[in-house]
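A quick write-up on the structure given underneath.
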Amino acid sequence: LLAAFAGRDREPLLPYPVAVELRFAPAWEPSEISRPSFLGTRSLAGFPLGEIVPYIDWSPFFHVWELKGTYPAILDHPTYGAAARDLFASARKLLGEIVERRLLTANGVYGFFPAASEGDDIIVFAGEDRRRELARLPTLRQQRRKQAGKPQLALADFIAPAGSGAGDYIGAFAVTAGIGLEETVHRFEREHDDYNAIMAKALADRLAEAFAELLHERTRNDWGYGRNEKLSKEELIAERYRGIRPAPGYPACPDHTEKRTLFDLLQAERSAGITLTETFAMHPAASVCGLYFAHPDSRYFTVGKIGRDQVASYAARKGMTIQEVERWLAPNLDYEPLG
43 LLAAFAGRDR
53 EPLLPYPVAV
63 ELRFAPAWEP
73 SEISRPSFLG
83 TRSLAGFPLG
93 EIVPYIDWSP
103 FFHVWELKGT
113 YPAILDHPTY
123 GAAARDLFAS
133 ARKLLGEIVE
143 RRLLTANGVY
153 GFFPAASEGD
163 DIIVFAGEDR
173 RRELARLPTL
183 RQQRRKQAGK
193 PQLALADFIA
203 PAGSGAGDYI
213 GAFAVTAGIG
223 LEETVHRFER
233 EHDDYNAIMA
243 KALADRLAEA
253 FAELLHERTR
263 NDWGYGRNEK
273 LSKEELIAER
283 YRGIRPAPGY
293 PACPDHTEKR
303 TLFDLLQAER
313 SAGITLTETF
323 AMHPAASVCG
333 LYFAHPDSRY
343 FTVGKIGRDQ
353 VASYAARKGM
363 TIQEVERWLA
373 PNLDYEPLG
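All residue numbers for the sequence shown refer to the working numbering, where the first residue is 43 and numbers rise by one.
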């Protein structure tokens, strides 16, 4: 009865093969694909925090303190503008101390690789000859029926198919601004200063996200297609540029286990000092990782609910059991797993 009630108003998902047929399928022209200025990875150790600060998106910082609004308008909010201004002043003071005394260290690694899609997988190659496979990234496709004419998206749609004649590329990155954070937080806690302990964590998170934004800007230049960008910091934060950088665990690629493949590809532990826990959380916590897609029509989307048919395909492609996939993708399942 409960299952029947839960699904009574729910439109059935498209069969997975039908969703694949309704994929986004642009005309791949080799002339439209930009070749990155280098292939492989580059490390950024001890990146200057002062260069990262201008890229901070402050709005989520205020949300941590349960002040809902958009920066800078929140500073003049009729109800809690004064509290927001006081909080911002404290944040800027501690941020200045973090930068001046180098209390945190920002490391990063990013790279570009020849790539091709094969079905709903993205194949990452070792070299331009595209013979040796470095990694295979299985992606998930939307199965909830879209409006007529709207494609059922998967991230693989944004990479040129193998055999198309269009030699495509994919990028990857991992950054952190959390090295040194534990020591800073422990110092505040020893001084019974919980306010600044929380503040330091919130600022480290903002710096990590800002580092990701800065690096994406650099990436678009290195890739060639973003060299003529003339965007303000506000426009960057609003993502008014070509390309996307989806992260494992987020709506377009909800599988956290894909971080392992990404970390191996980048050698992120050695190059940036970022590690993964058994549950695929990143350490330090103030870290961000993801993929870069350059196609002009690439966009963020939500995979949403998926059916048993896609789970079975995904498990086979990943070399995992169906039960393992169901555990990691539990929020996305459109059914109750057996057992």
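Quick reminder that beta carbons are idealized off the backbone N, C-alpha and C, glycines included.
Query, Result
"For residue 212, which option in 319, 152 and 226 has the closest C-alpha, if you only look at C-alpha atoms?", "152"
"Report yes if the C-beta distance between residue 289 and residue 332 is below 8 Å; otherwise report no.", "yes"
"To the nearest whole angstrom, what separates the beta carbons of residue 375 and residue 368, a pair I think is in contact under 8 Å?", "6 Å"
"Could you check whether residue 318 and residue 302 sit closer than 8 Å to each other, using their CB atoms as the reference points?", "yes"
"Buried or exposed: residue 128, going by 16 or more other Cβ atoms within 10 Å of its Cβ?", "exposed"
"Helix, strand or coil for residue 231? Go by DSSP, reduced to three states.", "helix"
"Name the DSSP beta bridge partners of residue 159, please?", "164 and 203"
"Using C-beta distances below 7 Å, list every residue in its chain close to residue 63, excluding the 5 sequence neighbours before and after it, in chain order.", "none"
"Quick check on this structure: which residue in 59, 56 and 96 has the alpha carbon closest to the alpha carbon of residue 138?", "96"
"Could you pull the start and end residues of the alpha helix (DSSP H) that residue 314 belongs to?", "310-314"
"Here's the rule I'm using: 16 or more other beta-carbon atoms within 10 Å means buried, otherwise exposed. How should residue 383 be labelled?", "Only positions 43 to 381 of the chain appear in this structure, which leaves residue 383 out of reach."
"Drop a sphere of 10 angstroms on the beta-carbon of residue 306, count the other beta-carbons inside from all chains shown, and report buried for 16 or more, exposed for fewer.", "exposed"
"So is residue 237 buried or exposed if we call it buried at 16+ other beta carbons inside 10 Å?", "exposed"
"In the DSSP assignment, what residue or residues form a beta bridge with residue 286?", "335"
"Between 329, 61 and 323, which has its C-alpha nearest residue 190's C-alpha?", "61"
"Along the chain, which unbroken stretches of the beta strand (DSSP E) at least 3 residues long are found entirely within the segment 56-140?", "82-89"
"For residue 359, tell me which candidate among 173, 181 and 339 has the shortest Cα-Cα distance.", "181"
"Straight-line CA distance for residue 91 to residue 98?", "11 Å"
"Using the beta-carbon count (16 or more within 10 Å), is residue 249 buried or exposed?", "buried"
"Kindly indicate the opening and closing residues of the beta strand (DSSP E) around residue 211.", "210-221"
"Out of 164, 244 and 231, which one is the CA nearest neighbour of residue 300?", "164"
"Touching or not, the segment 199-209 and the segment 309-329, by the rule of three or more beta carbon pairs under 8 Å?", "no"
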